[in-house]
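2 protein chains.
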Amino acid sequence: MNELHKLRLGNFDFRSHCIELCCSLKLCWVDHFGFNTDKTFKQRYLIADKHWKKDGGSILFYTGNEGDITWFCNNTGFMWDMAEELKAMLVFAEHRYYGESLPFGANSFKDSTHLNFLTSEQALADFAKLIKHLKRTVPGAKNQPVIALGGSYGGMLAAWFRMKYPHMVVGALASSAPIWQFEDLVPCGVFMEIVTADFRKSGPNCSESIRRSWDAIRRLTSTGPGLHWLSEALRLCSPLTNSQDVEHLKDWITETWVNLAMVDYPYESNFLQPLPAWPIKVVCQYLKNPNVSDPQLLENIFQALNVYYNYSGQVKCLNMSETATRSLGSLGWSYQACTEMVMPFCTNGIDDMFEPHSWNLKEFSDDCFKQWGVRPRPSWITTMYGGKNISSHTNIIFSNGDLDPWSGGGVTENVTDTLVAITIPEGAHHLDLRANNAFDPTSVLLARSLEVRYMKQWIKNFYASLRKKH
Amino acid sequence: MNELHKLRLGNFDFRSHCIELCCSLKLCWVDHFGFNTDKTFKQRYLIADKHWKKDGGSILFYTGNEGDITWFCNNTGFMWDMAEELKAMLVFAEHRYYGESLPFGANSFKDSTHLNFLTSEQALADFAKLIKHLKRTVPGAKNQPVIALGGSYGGMLAAWFRMKYPHMVVGALASSAPIWQFEDLVPCGVFMEIVTADFRKSGPNCSESIRRSWDAIRRLTSTGPGLHWLSEALRLCSPLTNSQDVEHLKDWITETWVNLAMVDYPYESNFLQPLPAWPIKVVCQYLKNPNVSDPQLLENIFQALNVYYNYSGQVKCLNMSETATRSLGSLGWSYQACTEMVMPFCTNGIDDMFEPHSWNLKEFSDDCFKQWGVRPRPSWITTMYGGKNISSHTNIIFSNGDLDPWSGGGVTENVTDTLVAITIPEGAHHLDLRANNAFDPTSVLLARSLEVRYMKQWIKNFYASLRKKH
């Protein structure tokens with residue numbers, strides 16, 4: 469570790485200790501697209517340069533998504549793993565309105581006036597300004613290639629960043645980025661169908677047990693004693709008292725299955741929750757028999773939920789108000805979903821294991837207006853970012869895991885020679901971005917090595933064209 | 469003319485009668501990049517489909533710039549001239565805050581709050597939404613290639629539109645588009661050097677006479693009687709009364725020479741003013757002798773100015789408050805120059821024929837703050853649109869006339885095989901966009917034919933890839 473590094477980053481254990489990275493702050497315009505306010509805020513970013521080489525190096529730039537950047541940093545081991553090979557400086561940029569990058573501090577979510585600057589376009593502009601800032605202020609960074617990387621919404625941002633600012637980054641790795649989960653680009657049911665398939669594949673009768681659980685819940689909760697019984701059976705922290713609670717319960721259980729599908733990793737992990745390896749397989753061990761009484765089925769469902777919420781064994785009761793890590797900024801995302809990020813989802817109960825729900829934009833819009841005072845513009849993202857018509861762009865890797873429900877809205881076939889899709893049959897949500905692990909399936913190892921190969925090619929081409937210029 | 473056409477456009481004389489095109493209006497969000505307001509306004513656009521073919525046709529989309537769209541429509545005869553060959557529908561889209569497309573009606577320029585939505589990004593988003601609207605509502609338009617065209621700032625918008633929305637347009641013709649007249653991408657003096665060269669080339673001693681005129685003005689206006697004499701000699705509508713007026717006079721004369729350089733067309737025209745063919749040559753006939761007395765030199769300057777302001781012979785006095793057509797929205801452009809469109813200009817009096825003026829950002833910024841309550845962000849445009857690093861884009865023609873001072877900030881050499889430069893040695897400001905004329909020099913005819921060839925290729929490629937998809 470060189471002195472500069474010590475000075476800038478403190479004495480930290482390289483890799484997966486992002487929390488200890490001394491964060492840097494950059495002043496950003498609150499509004500890049502209007503000049504009426506000259507208000508600024510501090511954007512946080514993390515930087516690690518242990519393996520960075522000024523000679524022939526590169527900059528890997530994580531386009532932060534809807535949460536605390538240290539959490540994404542800790543869950544993006546792939547960047548740390550390839551830093552040495554790519555002689556790379558690592559930069560993790562926090563997305564405005566998340567983590568500590570709050571344009572209006574504690575008031576940031578107060579109302580639609582304060583939230584007005586929470587958009588993907590503003591976030592991309594923050595990234596562009598940050599790269600300019602680093603190139604100007606970090607000696608040796610100026611003539612180096614930058615590669616954008618991100619997962620999930622961060623993957624969408626990485627892809628969009630390459631599309632909109634190709635002068636800033638030579639390419640992008642967009643992992644599990646559902647850039648087509650908008651309008652009618654993909655069927656609205658595909659997401660839940662993949663969730664269902666994951667459970668179907670992970671144990672006999674598993675998805676069928678879940679499919680039957682909804683009616684069982686309905687029957688059980690039709691009486692007061694039934695409500696009471698179910699609250700006890702599921703060890704709920706707050707007992708169910710009315711039909712609204714029951715709807716909430718079903719939503720919460722649904723979200724649990726969805727989350728399990730996202731984090732169905734081949735080894736013990738702690739992304740949304742601490743979990744065992746292949747958690748859906750563990751869950752499905754409790755859901756082998758759908759032909760049992762309603763109470764027995766719900767006892768089984770409890771055991772399954774308990775895998776997700778209480779793998780540590782320390783939890784006293786299950787809390788319906790939480791489904792995932794607090795590092796995710798659910799408030800900010802709820803606003804984004806109500807404005808730009810309008811993703812239609814639906815279920816029919818036939819191709820999936822859920823109760824049928826059609827996509828109702830009107831209802832969704834009304835709910836958004838009630839909550840935030842804004843209405844979604846569902847066609848904006850495709851207008852802005854091109855929908856399926858993206859073939860004129862170059863150098864973007866779209867990687868998707870077949871287990872990941874988000875792969876349904878992702879790019880899973882090559883668009884052109886330089887807009888390439890990598891699929892990982894045994895992969896859940898952005899598995900490729902996670903640190904190397906002894907239990908990684910071969911498919912993700914192959915994916916990562918292919919990704920590195922593309923990135924090296926981009927870097928090589930960058931330096932070749934730089935030499936040509938001089 | 470088919471019936472549909474009659475119905476939509478009325479009975480008009482195809483070509484150069486844009487004023488009679490029945491304008492269409494489209495509702496636009498005032499703010500595409502924020503959701504706090506759902507206010508809309510009516511954007512005007514003109515449409516002509518006499519030669520449009522639903523089978524194998526195309527859409528030529530003029531990305532309107534800082535003025536009334538009918539005026540640009542009337543001065544973009546090239547689009548009308550090639551409509552039949554390209555089976556093209558012509559669309560002329562008005563830029564927000566100009567002509568009749570005023571987001572807040574008469575209050576649009578009231579203050580920086582109302583002006584907050586006057587940016588190039590918002591304008592490009594308007595264009596994107598308009599194209600989507602046309603494709604959705606005009607039967608037969610959906611699967612047709614769109615080409616963006618524009619001149620000057622409109623040319624910058626055409627190029628930027630292809631860069632940012634390549635899914636919307638298959639290519640762009642950016643005529644006389646000074647996309648590099650920002651920051652230090654080109655020397656700040658190049659613009660005035662080209663103006664000077666035009667005068668130098670157009671008559672013996674012409675630029676030298678102008679160079680000497682500034683000192684002559686200074687000497688003459690150092691006394692009260694001198695001020696009076698000069699006001700009379702120049703037939704000014706409002707006499708000069710103080711040194712501030714004299715500064716204004718010099719600015720006004722300077723702008724006149726600049727405008728003449730822009731519109732130094734090979735035939736009689738009426739773009740900024742009604743003018744004879746090769747107007748600088750006409751002007752220079754009065755400026756052959758720099759070695760005359762101050763009063764004689766200024767008499768000669770008057771004759772020169774009179775060519776520009778009084779070609780019709782109907783003007784009684786010269787009005788220093790106007791230099792060009794009222795169709796240009798000078799108020800809106802002044803705001804844009806004070807925010808995004810920060811173009812550094814300077815003179816040194818040696819390489820050019822003007823008084824030396826260095827570029828002073830601080831002073832410029834203070835003036836902007838005084839006038840509009842906003843401060844410029846001079847590096848924003850290069851951050852947003854890439855500066856000189858644009859090689860990853862495709863299908864943009866940058867055409868420039870060597871006589872045009874704006875060519876100094878333009879792309880005058882090929883960047884790649886598909887980002888091509890066309891130079892027109894005898895061309896002034898976007899001469900290629902003007903209607904065919906018997907006095908057109910061969911160079912502009914060649915330029916236009918090359919431009920048409922590129923456009924045809926884009927159209928052909930579009931249909932080829934469409935066939936491949938189906």
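Taken in sequence, the protein lines are chains Z and B.
Residue numbering for the first sequence follows our numbering, starting at 469 and increasing by one per position.
Residue numbering for the second sequence follows our numbering, starting at 469 and increasing by one per position.
Even for Gly, the Cβ is constructed at its ideal location relative to N, Cα and C.
Any beta carbon from chain B within less than 8 Å of residue i's own beta carbon?
| i | result |
| --- | --- |
| D835(Z) | no |
| E676(Z) | no |
| A684(Z) | no |
| K597(Z) | yes |
| R483(Z) | In this prediction, R483(Z) has a pLDDT of 43, which is less than 50 and means its spatial position is unreliable; what the coordinates show is noted afterwards. Output row for R483(Z): interface = no. |
| M469(Z) | In this prediction, M469(Z) has a pLDDT of 26, which is less than 50 and means its spatial position is unreliable; nothing more can be read from the coordinates. |
| E661(Z) | no |
| N479(Z) | The pLDDT assigned to N479(Z) is 30, lower than 50, so where the model puts this residue is not dependable; a value taken from the coordinates is nonetheless given after this. Chain B contact via Cβ: absent. |
| E589(Z) | yes |
| R935(Z) | no |
For a contact defined as C-beta to C-beta under 8 Å, what are the partners of residue i on chain B?
| i | result |
| --- | --- |
| F585(Z) | G502 |
By the criterion of Cβ-Cβ separation under 7 Å, what are the contact partners of residue i in chain Z?
| i | result |
| --- | --- |
| T581(B) | N504 |
| N857(B) | H635 |
For residue i versus residue j, is the C-beta distance shorter than 8 Å?
| i | j | result |
| --- | --- | --- |
| S644(Z) | N828(Z) | no |
| E764(B) | G671(B) | Sequence inspection shows Gln at residue 764(B); the Glu mentioned does not correspond to that position. For Q764(B) and G671(B), no; Cβs fall outside 8 Å. |
| M550(B) | V920(B) | yes |
| S875(Z) | E651(Z) | no |
| L728(B) | P747(B) | yes |
| D424(B) | A906(B) | In the structure displayed, chain B extends from 469 to 938; residue 424(B) sits before or after that span and is not available. |
| G878(Z) | H635(B) | no |
| G532(Z) | M557(Z) | no |
| V751(Z) | L740(Z) | no |
| F629(Z) | L702(Z) | no |
| T544(Z) | L901(Z) | yes |
| G657(Z) | A642(Z) | no |
| L799(B) | F577(B) | yes |
| I865(Z) | I892(Z) | no |
Residue i bridges to which residues according to DSSP?
| i | result |
| --- | --- |
| G618(Z) | A642(Z) |
| K510(B) | L495(B) |
| L455(Z) | Residue 455(Z) falls outside the range modelled here, since chain Z spans only 469 to 938, and no answer is possible. |
| V888(Z) | I865(Z) |
| F650(Z) | Paired residue(s): none; F650(Z) is not in a bridge. |
| I515(B) | V559(B) |
| P844(Z) | According to DSSP, which records beta bridges pairwise, P844(Z) is partnered with nothing at all. |
| I527(B) | M557(B) and V614(B) |
| S569(Z) | Y566(Z) |
| T815(B) | H825(B) |
| S699(B) | BP columns for S699(B) are empty, so no partner. |
| G535(B) | L796(B) |
Residues of chain B with CB closer than 7 Å to the CB of residue i, please, in chain order.
| i | result |
| --- | --- |
| G877(Z) | By Cβ distance, chain B contributes nothing, its closest Cβ being about 17 Å from G877(Z), past 7 Å. |
| T807(Z) | F503 |
| R902(Z) | Near R902(Z) there are no residues of chain B at all, since even the closest Cβ is about 30 Å away, more than 7 Å. |
| T851(Z) | A596, K597 and K600 |
| R843(Z) | D506 |
Any heavy atom of the ligand COA closer than 7 Å to the CB of residue i?
| i | result |
| --- | --- |
| N542(B) | This structure lacks the ligand COA; in fact it carries no ligand of any kind. |
Would you say residue i faces chain Z, with C-beta separation under 8 Å as the test?
| i | result |
| --- | --- |
| S860(B) | yes |
| F822(B) | no |
| K928(B) | no |
| K756(B) | no |
| V775(B) | no |
| K494(B) | no |
| G854(B) | yes |
Can you pull the chain Z neighbours of residue i, defined as C-beta to C-beta under 8 Å?
| i | result |
| --- | --- |
| V498(B) | Those within 8 Å of V498(B) in chain Z number zero; the least Cβ separation is about 11 Å. |
| V783(B) | Neighbours of V783(B) on chain Z: none; closest Cβ ~38 Å, over 8 Å. |
Along chain C, which residues have their Cβ under 7 Å away from the Cβ of residue i?
| i | result |
| --- | --- |
| K632(Z) | Among the protein chains in the structure shown, which are Z and B, there is no chain C. |
field: Cβ contact check for the region 661-675 of chain B and the region 814-829 of chain B: 3 or more pairs under 8 Å
entry: yes
message: Using 8 Å as the cut-off, can you tell me whether the region 837-846 of chain B makes contact with the region 489-509 of chain Z, which would need three or more C-beta pairs spanning the two stretches below that distance?
response: yes
- request: Examine the Cβ distances between the region 713-720 of chain Z and the region 682-696 of chain Z and report whether three or more of them are shorter than 8 Å.
  value: yes
field: Validate contact between the region 599-617 of chain B and the region 513-527 of chain B using beta carbons, cut 8 Å, 3 pairs
entry: yes
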